[in-house]
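Presented below is the structure to which this report refers.
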Amino acid sequence: MEKQVLFTIFGATGDLASRKLYPSLFRLFKRGELAEHFAVIGTARRPWSDAHYREVVLDSIADLANDKRQAEHFASHFYYQSHDVADAEHYITLKNLGEKLSSQYQTLGNQVFFLAMAPQFFGTIAQHLKSEEILTGKGFERIVIEKPFGESLETATELNDALSQVFDESQIFRIDHYLGKEMIQSVSAVRFANPIFEAVWNHQFIDNIQITFAESIGVEDRGGYYDRSGALKDMIQNHVLQVLSLLAMEKPETYDEASILEEKVKALQAIRKYNPQEALENFVRGQYVSGEFDGQNFIAYRSEPNVAPDSRTETFVAGKFLIDNERWAGVPFYVRSGKRLTEKGTRINIVFKAGQNSLFGTNEQNVLTIYIQPTEGFSLTVNGKQAGAGFDIEPLRLAFRHDSEYLGNSPEAYETLFLDCLNGNGMNFSHWQEAKRAWELIDVIRQAWDSEKSDLPEYPARSMGPRAAFDLLERDGRSWSWVPDQWYRERGLLGTETEIK
Ligand SMILES: NC(=O)c1ccc[n+]([C@@H]2O[C@H](COP(=O)([O-])OP(=O)(O)OC[C@H]3O[C@@H](n4cnc5c(N)ncnc54)[C@H](OP(=O)(O)O)[C@@H]3O)[C@@H](O)[C@H]2O)c1
């Protein structure tokens, strides 16, 4: 059904707005979720006119628009207001415009504020929305923000305090774009729709769980942001811990936002918080140097635009989390994430305990793999008899995979998230209790690293991280299940200089 709503986009002239937000809103328009009763106010400092703004919006949706009149009709719902978020006067103009559009488009007082700008502005914006009475309580009022949610527990708490003086938790939608619906559904479906897995989802049967978020790209044009953040804060604090909590949580009472959140938070609380020494023992980092892959050369991280030439920012993290509860006693959760790795892929490997199989003399472990990106699906490695004479056991892979269009940081993912926000469904957004616990766990690691002055381990661009990431598992008598570099090396696409020594 058509939604009646006024959007206000702060940071309307920026990259996020044009690459993600306008195309998502247009998709919703094409689907009929937005039709006549919506309007968008775009604001930023640049002195644009409505006409220019609409041109920008039309440009950003050019690939999606096959009907010029439809695109122009969509763009006619967009209005621009030049505005410095620090200037109280400007909120009065914004309020007047909002009231006018609300009545013109009959938006019923429903408002969504999208903060497509740096987090240091969030508190100021929220306070002005309240003090200048842009928030009226007439319809639903929601605020959508992108990561990063703070840079430490302290800054995240300050940010949350500022937002929660104005908005309830149920009105705050923190985007974690990896947490699109399909991610939660893929993991939940495998776990809870299959009694054969549910029965063995514990320390008695599972030896270890591995979560990999691998990117083959480097920092692209976001070197400035990334160099201040690094892989630990950019990926582990949010996306990786979200997936870990979905895997580790107890079965929720019902499949809804509140029950799932409750169980995820319990799982996060049960993750062992390391002391600094334990953090150094259980987490390793690395930075990519130049490398070659399939005849192509890749530059070192320190040579990327907007990255300090002596940067100590990690572009790779691997680590081991332990969960202190009955279900997971003694089961390590190994995680890794990095840029310029061999292959792009988000996947989870659940490695089952090896049976003491004296009958056939084999010790192969069953592995359940959940693929999240770029393909979606799962596979199960089971032991079977090798074809032919004799009786040799070999691992066989039962697999189901299909392309995943709707995942990740894509306009499609934003479209889903927008719609969830309009429907008031926060299931696919992260909540303060989760963010808070994640920062508690991550701060210790960050601080331990910051006080360590030894050289940062290196890895060649387009390999699977530094030697230390492999040692981490080997010292426990284990290894990574997913080793794409091996696959490429066997096919001559990866030089032996990238071999992990
Ligand atoms: N781009 C992405 O794909 C992406 C992905 C994940 C997260 N994010 C996050 O999303 C946020 C926005 O990212 P972005 O890439 O779109 O940044 P950006 O291109 O630098 O855009 C920033 C926006 O803020 C506006 N702005 C800056 N200072 C202002 C002020 N004092 N008053 C009013 N407007 C002001 C800028 O417009 P004027 O200069 O015209 O004022 C611009 O529209 C950041 O927090 C980023 O970390 C972005």
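Here this note's numbering = 1-based position in the sequence shown + 123.
Ideal Cβ placement from N, Cα and C applies to all residues, glycine included.
1) Compute the Euclidean distance between the alpha carbons of Y529 and G511, then round it to the nearest angstrom.
2) Kindly list the residues whose CB is nearer than 6 Å to the CB of V289, restricted to its own chain and excluding five residues on each side of it in sequence; keep chain order.
3) Please confirm whether Q360 and I565 have their CB atoms less than 7 Å apart.
4) Give me, in chain order, the residues of the same chain whose beta-carbon lies closer than 8 Å to that of E255; leave out the 5 immediate sequence neighbours on both sides.
5) When DSSP builds the beta bridges, which residues end up paired with H326?
6) Decide if Q356 is buried, meaning its Cβ has at least 16 other Cβ atoms within 10 Å, or exposed.
7) In the DSSP assignment, the beta strand (DSSP E) including I295 goes from what residue to what residue?
8) Nearest-angstrom Cα distance between N429 and E376?
9) Compute the minimum distance between the beta carbon of M587 and the heavy atoms of ligand 1, and state whether it is under 6 Å.
10) So which of F133, P318, D284 and Y203 has the shortest CA-CA distance to W236?
11) If you follow the alpha helix (DSSP H) that K153 is in, where does it begin and where does it stop?
12) Within a Cβ cutoff of 6 Å, which residues of the same chain sit near S293, ignoring the five residues on either side of it in sequence?
13) Out of curiosity, what's the CA-to-CA distance linking S502 and F320?
14) Run through the region 200-229 for me and flag every whole alpha helix (DSSP H) of 4 or more residues, listed as ranges in chain order.
15) Tell me the rounded alpha-carbon separation between V323 and R450.
16) Span of the alpha helix (DSSP H) holding N283?
17) Do F475 and F328 have their C-beta atoms within less than 7 Å of each other?
18) In the DSSP assignment, find the unbroken beta strand (DSSP E) run with R470 in it and report its ends.
19) DSSP state of G246, grouped into three classes?
20) Okay, do the region 331-339 and the region 442-456 touch, 3+ Cβ pairs below 8 Å being the bar?
21) Is there at least one non-hydrogen atom of ligand 1 closer than 6 Å to the beta-carbon of A354?
22) Could you give the first and the last residue of the continuous beta strand (DSSP E) run that contains N420?
23) Which of helix, strand or coil does DSSP assign to R265?
24) Using C-beta distances below 7 Å, list every residue in its chain close to L231, excluding the 5 sequence neighbours before and after it, in chain order.
25) Would you kindly report the start and end of the unbroken alpha helix (DSSP H) that includes P497?
26) Here's a check: name, in chain order, each residue in its chain whose Cβ is nearer than 8 Å to the Cβ of L282, leaving out the five neighbours to either side.
27) Where DSSP assigns a beta bridge to R524, which residues make up the other side?
28) In whole angstroms, what separates the C-alpha of G531 from that of L482?
29) Beta carbon of A119: closer than 6 Å to some heavy atom of ligand 1?
Inspection of the coordinates gives the following:
1) Any reading at Y529 must be qualified, since the residue scores a pLDDT of 46, below 50, and its modelled position is unreliable; the value itself is stated next. Those two C-alpha atoms are separated by around 43 Å.
2) A249 and K253
3) yes
4) A211, Y214, I215, L217 and K218
5) DSSP, once it has assigned bridges, lists no residue as partnering H326.
6) According to the sequence displayed, residue 356 carries Lys and not Gln. Per the 10 Å Cβ criterion, buried.
7) I295 to I298
8) 48 Å
9) no
10) It should be pointed out that residue 236 corresponds to Phe in this sequence rather than to Trp. Looking at the Cα atoms, F133 is the closest of the given residues.
11) Y145 to K153
12) none
13) 13 Å
14) 211-227
15) 10 Å
16) L276 to S287
17) yes
18) G468 to F475
19) helix
20) yes
21) no
22) Q419 to F421
23) strand
24) Q127 and G262
25) Note, P497: premise wrong, no alpha helix (DSSP H); not H, not E.
26) P242, F245, G246, F272 and G273
27) G500
28) At G531 the pLDDT is 47, less than 50, meaning the model places this residue with poor confidence; the figure from the coordinates comes in the next sentence. Distance between the alpha carbons of G531 and L482: 45 Å.
29) No information on residue 119 is available, as it lies outside the stretch 124 to 624 that the chain covers here.
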